[in-house]
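Heads up, the thing below is written out as structure tokens.
2 protein chains.
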Amino acid sequence: MLAGVSLGTVSNVLNHPSRVSAVTAQKVARAMAKLDYVPDGNARSLAAGSNRTIGIVLPDLSNSLFVDVARGAEDSADRAGHALMIANSDTRLERESRHLRTFAQARVAGILLTLNDEDHYEAIVGDTPKNLPTVMLNLAVPVSRSCSVSVDNELGGWMATTHLIETGRRRLVFVGGPESLDPVRDRSKGFARAVGERSLQPVRAISPPGVNRADGWGVGTALVDEIRAGVVDGIFAATDLLAAGIVQALTAAGVQVPEDVAVVGYDNNQAAWDSPIPITTIAQPGEDMGRVGADLVLEEAQRRFEHQHRSLVLEPSLVVRASSRPSARPPG
Amino acid sequence: MLAGVSLGTVSNVLNHPSRVSAVTAQKVARAMAKLDYVPDGNARSLAAGSNRTIGIVLPDLSNSLFVDVARGAEDSADRAGHALMIANSDTRLERESRHLRTFAQARVAGILLTLNDEDHYEAIVGDTPKNLPTVMLNLAVPVSRSCSVSVDNELGGWMATTHLIETGRRRLVFVGGPESLDPVRDRSKGFARAVGERSLQPVRAISPPGVNRADGWGVGTALVDEIRAGVVDGIFAATDLLAAGIVQALTAAGVQVPEDVAVVGYDNNQAAWDSPIPITTIAQPGEDMGRVGADLVLEEAQRRFEHQHRSLVLEPSLVVRASSRPSARPPG
DNA sequence: CGCCGCCTTTGAAGCGCTTCAATGCGTGAG
DNA sequence: CTCACGCATTGAAGCGCTTCAAAGGCGGCG
Numbered sequence: 351m352l353a354g355v356s357l358g359t360v361s362n363v364l365n366h367p368s369r370v371s372a373v374t375a376q377k378v379a380r381a382m383a384k385l386d387y388v389p390d391g392n393a394r395s396l397a398a399g400s401n402r403t404i405g406i407v408l409p410d411l412s413n414s415l416f417v418d419v420a421r422g423a424e425d426s427a428d429r430a431g432h433a434l435m436i437a438n439s440d441t442r443l444e445r446e447s448r449h450l451r452t453f454a455q456a457r458v459a460g461i462l463l464t465l466n467d468e469d470h471y472e473a474i475v476g477d478t479p480k481n482l483p484t485v486m487l488n489l490a491v492p493v494s495r496s497c498s499v500s501v502d503n504e505l506g507g508w509m510a511t512t513h514l515i516e517t518g519r520r521r522l523v524f525v526g527g528p529e530s531l532d533p534v535r536d537r538s539k540g541f542a543r544a545v546g547e548r549s550l551q552p553v554r555a556i557s558p559p560g561v562n563r564a565d566g567w568g569v570g571t572a573l574v575d576e577i578r579a580g581v582v583d584g585i586f587a588a589t590d591l592l593a594a595g596i597v598q599a600l601t602a603a604g605v606q607v608p609e610d611v612a613v614v615g616y617d618n619n620q621a622a623w624d625s626p627i628p629i630t631t632i633a634q635p636g637e638d639m640g641r642v643g644a645d646l647v648l649e650e651a652q653r654r655f656e657h658q659h660r661s662l663v664l665e666p667s668l669v670v671r672a673s674s675r676p677s678a679r680p681p682g
Numbered sequence: 351m352l353a354g355v356s357l358g359t360v361s362n363v364l365n366h367p368s369r370v371s372a373v374t375a376q377k378v379a380r381a382m383a384k385l386d387y388v389p390d391g392n393a394r395s396l397a398a399g400s401n402r403t404i405g406i407v408l409p410d411l412s413n414s415l416f417v418d419v420a421r422g423a424e425d426s427a428d429r430a431g432h433a434l435m436i437a438n439s440d441t442r443l444e445r446e447s448r449h450l451r452t453f454a455q456a457r458v459a460g461i462l463l464t465l466n467d468e469d470h471y472e473a474i475v476g477d478t479p480k481n482l483p484t485v486m487l488n489l490a491v492p493v494s495r496s497c498s499v500s501v502d503n504e505l506g507g508w509m510a511t512t513h514l515i516e517t518g519r520r521r522l523v524f525v526g527g528p529e530s531l532d533p534v535r536d537r538s539k540g541f542a543r544a545v546g547e548r549s550l551q552p553v554r555a556i557s558p559p560g561v562n563r564a565d566g567w568g569v570g571t572a573l574v575d576e577i578r579a580g581v582v583d584g585i586f587a588a589t590d591l592l593a594a595g596i597v598q599a600l601t602a603a604g605v606q607v608p609e610d611v612a613v614v615g616y617d618n619n620q621a622a623w624d625s626p627i628p629i630t631t632i633a634q635p636g637e638d639m640g641r642v643g644a645d646l647v648l649e650e651a652q653r654r655f656e657h658q659h660r661s662l663v664l665e666p667s668l669v670v671r672a673s674s675r676p677s678a679r680p681p682g
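Here the protein sequences line up with chains G and X, keeping their order.
For the first sequence, position 6 matches number 356 in this note's numbering, and the numbering has no gaps at all.
For the second sequence, position 148 matches number 498 in this note's numbering, and the numbering has no gaps at all.
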């Protein structure tokens, strides 16, 4: 600071450039460069009473959805001149609340809390620092509590199923997984609704123990005979990993996808596109979720009092790939 | 603070509990609870001149290796009473240096910088705030510059290849990828060394355009005839995705793995274990890398002056799975 | 009974910045 | 030529905490 001229002026060039004449601004800039000056964010936050950082806690970094969420959130935060700090909870309650506390102490401008599980929400809602803008991602919560941004899984299930029907499939199977997972349950509801709207009867629903590729492999193997017999011509799997396993098993058994049976997955995972037969899937708007969430939290931070909580539900989208291209055979 | 008694005492109960009598400590604790008191981390850092946070910048959150690194780092940081802030650069130079700057302004205790690419290191080394403990992860750099922790890819390649040889394979193929990737090049060197040590001749090396499942599928398809002809009986693929694609293509073509050919991958990805035929692979000690890195950075932060930079190279490990179980056929 | 030393507690100083009232200066109007 | 007004700059106050020297209280020893 002594390099150029004053002291409080330096602050002005940093925060209110308009108040400062061009020449002094330059002098100060030069001095800062020469001194390798790095403003102290802590002091700034303390003095200004506000902080240009927002925090996000993610439940599972191995799920690309959440990585997308982070990317979207960073995009928005960055655009607003804020930094995004990521914390990973590995779905552990204890770590979720620890990270919440850390963010509260850091006096971040706001928090994006991403949860998978409604139970965790109940358990943790007490830990969310009152008075600190917090928006829930991936879980719809009462607007009386906070803003939230989630994705309509029931709609996604409906879209996947309707797509199968519209491309001529009639004998449909839903492959789910443990009913305890909220998203799976909702996707299954969407399946049922779409089937019902067309007055079709689902062939059946299958619930393997998990939702991974190996589970899909098992399901696929079990379905080979029914497909050959023409009893099944469309499969909606609740996750892409499941779908990939199914397709893999079917292919290995000589069943043609999509000629003999169409398969649709969910999530738009790498497993879906990086497959010998690319798999049609429902893409979750992860980046949008992050972006919208960050915008909401920043809005709440900026207008604390006029702010009204909102609950947004985003729509997933259908990504058509080879595994469900219309079959040559006539529908029916 | 006024709830109990004093002011500076509150600080003591937070930082030097030993100086405070049990009764006052309790009174203060009770008051803090009643007031929902959350200490201001910014003020603490400012006053104390130190910060209980370390930052890590990761190049790619969709790579489970780096997620593991973060997990390990958080583990160590946590144990030392520090919080870990994650920033994702998506391998973009511009974001790497932005995050570095953010951490510098936040006056974190230290930074873990994880890079994939030597070029980025050269470009960014100027941005790493001098005077702020920084350790490089995943890339070995001159100890004159900073500490670093990396994994020995050449050794990994050697281990994978030696495993193939020791389980009786003699006609080996290396499947790499773009030579521009440092890790691929090192793994290939390890392959060459292992083969050379046994005075074998590699059948050949294949460099598909990428290192994903689809690339592997192509390579696998191309190798079917040679395997049937007995010209090839072992494959070392530079990534698990590649290996998974290869196994998938071979299986689809009716080639038996591991009976007809053994396959070894690299990375210990989900793709390796979540495959119908689980794939033998080389596991990178990601968590260890993070843990050791965090320990180093904290050590440097605590003893600024006595600190000597160190360069640690960790060893990968072999994970044997079905894809390379010794074949029934006699070796030779 | 008085003094000393130790364990606790206190209060003031200051961390690096922002903010804001106050000052200084140059300019156009009178 | 003078006065007033506006823009640029300044300096002091204070953000919430830690630290440290100094004060207070207590028991034990002489």
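We put the beta carbon where it would ideally sit given N, CA and C, even for glycine.
Which value, in whole angstroms, describes the spacing of the CA atoms of residue 651 (chain G) and residue 489 (chain G)? Answer to the nearest angstrom: the Cα atoms are 21 Å apart.
Does the Cβ of residue 476 (chain G) have 16 or more other Cβ atoms within 10 Å, making it buried, or fewer, making it exposed? Per the 10 Å Cβ criterion, exposed.
What residue does the beta strand (DSSP E) around residue 633 (chain X) start on, and which one ends it? Residue 633 (chain X): member of the beta strand (DSSP E) spanning 631–633, first to last residue.
Rounded to whole angstroms, what's the CA-CA distance from residue 592 (chain G) to residue 557 (chain G)? Just pull it up for me. Using only the alpha carbons, I get a separation of about 11 Å.
Select from G:675, G:408, G:527 the residue whose C-alpha is nearest the C-alpha of residue 437 (chain X). The shortest C-alpha separation from residue 437 (chain X) is found at G:408.
Contact residues within the region 558–577 of chain X, judged by C-beta distance below 9 Å to chain G: Result list: 562, 563, 564, 567.
Buried versus exposed call for residue 399 (chain X) [16 or more other C-beta atoms within 10 Å across all chains shown]: It counts as exposed.
For the candidate residues X:571, X:518, X:507, whose alpha-carbon lies nearest to that of residue 524 (chain X)? Closest option to residue 524 (chain X), Cα to Cα, is X:507.
Straight-line gap, residue 369 (chain X) to residue 654 (chain G) (C-alpha atoms, nearest Å): Going from the Cα of residue 369 (chain X) to the Cα of residue 654 (chain G) covers about 40 Å.
Can you check the region 379–461 of chain X for any beta strand (DSSP E) of at least 3 residues that lies completely inside it and give the ranges in chain order? Correct list: 403–408, 433–438.
Pairwise C-alpha distance: residue 382 (chain G) and residue 376 (chain G): Inter-residue distance for residue 376 (chain G) and residue 382 (chain G) is about 10 Å (C-alpha atoms, whole angstroms).
Assuming residue 461 (chain G) contacts residue 443 (chain G) (C-beta within less than 8 Å), just tell me the rounded distance between them. Their Cβ separation, rounded to whole angstroms, is 16 Å, which puts residue 461 (chain G) and residue 443 (chain G) out of contact at 8 Å.
Count the other CB atoms within 10 Å of the CB of residue 533 (chain X); is the residue buried (16 or more) or exposed (fewer)? By the neighbour-count rule (16 or more Cβ atoms within 10 Å), residue 533 (chain X) is buried.
Determine which residues of the region 370–389 of chain G have a Cβ less than 8 Å from any Cβ of chain X, and write them out in chain order. The region 370–389 of chain G vs chain X, Cβ under 8 Å: 386, 388, 389.
Going by other Cβ atoms of all chains shown within 10 Å of its Cβ, with 16 needed for buried, is residue 363 (chain X) buried or exposed? By the 10 Å Cβ count, residue 363 (chain X) comes out buried.
Between which two residues does the beta strand (DSSP E) carrying residue 521 (chain G) extend? Per DSSP, residue 521 (chain G) belongs to no beta strand (DSSP E) and is neither H nor E.
So what does DSSP say about residue 487 (chain G), is it helix, strand or coil? Strand.
Between the Cα of residue 504 (chain X) and those of X:535, X:483, X:366, X:487, spot the shortest distance and give me the residue it belongs to. Of the listed residues, the one whose Cα sits closest to residue 504 (chain X) is X:535.
Along the chain, where does the alpha helix (DSSP H) containing residue 568 (chain G) start, and where does it finish? From DSSP, the alpha helix (DSSP H) with residue 568 (chain G) extends over 563–578.
Excluding the five sequence neighbours on either side, which residues of its own chain have a C-beta within less than 8 Å of the C-beta of residue 513 (chain G), listed in chain order? Hits under 8 Å: 614, 630, 668, 670, 674.
Please return the same chain residues whose Cβ sits closer than 6 Å to the Cβ of residue 617 (chain X), not counting the five positions on each side in sequence. Listed in chain order, the non-local C-beta contacts of residue 617 (chain X) below 6 Å within the same chain comprise 589, 590, local neighbours out to five positions each way being set aside.
For residue 361 (chain X), three-class secondary structure by DSSP: In the structure shown, residue 361 (chain X) adopts helical secondary structure according to DSSP, grouped into three states.
Indicate whether the contact test is met: 3 or more Cβ pairs, each with one atom in the region 411–431 of chain X and one in the region 406–423 of chain G, closer than 8 Å. Enough Cβ pairs lie closer than 8 Å, so yes.
Please list the residues of the region 603–637 of chain G that have a C-beta atom closer than 8 Å to any C-beta atom in chain X, keeping them in chain order. Correct list: 620, 624, 625, 626.
Measure how close the beta-carbons of residue 584 (chain X) and residue 521 (chain X) come, nearest whole angstrom, since I'm counting them as under 8 Å. With a Cβ gap of about 7 Å, residue 584 (chain X) and residue 521 (chain X) count as contacting.
Which residues share a DSSP beta bridge with residue 464 (chain G)? DSSP output for residue 464 (chain G) lists G:487 as bridge partner(s).
If you draw a straight line from the alpha carbon of residue 574 (chain X) to that of residue 627 (chain X), how long is it in whole angstroms? Between the alpha carbons of residue 574 (chain X) and residue 627 (chain X) lies a distance of about 17 Å.
Tell me residue 555 (chain G)'s beta-bridge partners as DSSP assigns them. As computed with DSSP, residue 555 (chain G) is found in a beta bridge with G:524.
Okay, do the region 386–404 of chain X and the region 385–396 of chain G touch, 3+ Cβ pairs below 8 Å being the bar? Segments in contact, yes.
Since residue 378 (chain G) and residue 403 (chain G) should fall inside the 8 Å C-beta cutoff, what is the C-beta to C-beta distance between them, to a whole number of angstroms? Actually they are not in contact, since the Cβ atoms of residue 378 (chain G) and residue 403 (chain G) sit about 25 Å apart, beyond 8 Å.
Partner residues on chain G for residue 438 (chain X), Cβ-Cβ distance less than 8 Å: Within chain G, the residues near residue 438 (chain X) are 417, 420, 421, 424, 436.
Mind checking whether residue 567 (chain X) and residue 598 (chain X) have CB atoms under 8 Å apart? Yes, the Cβ-Cβ distance between residue 567 (chain X) and residue 598 (chain X) is below 8 Å.
Range covered by the alpha helix (DSSP H) that runs through residue 534 (chain X): That run of the alpha helix (DSSP H) goes 532–547.
CA-to-CA distance, residue 480 (chain G) to residue 373 (chain X), given in whole angstroms: Rounded to whole angstroms, residue 373 (chain X) to residue 480 (chain G) spans 29 Å at the Cα level.
Where does residue 585 (chain X) sit, in a helix, a strand or coil, going by DSSP? Residue 585 (chain X): strand per DSSP, three-state reduction.
Which of helix, strand or coil DSSP assigns to residue 368 (chain X): Helix, per DSSP.
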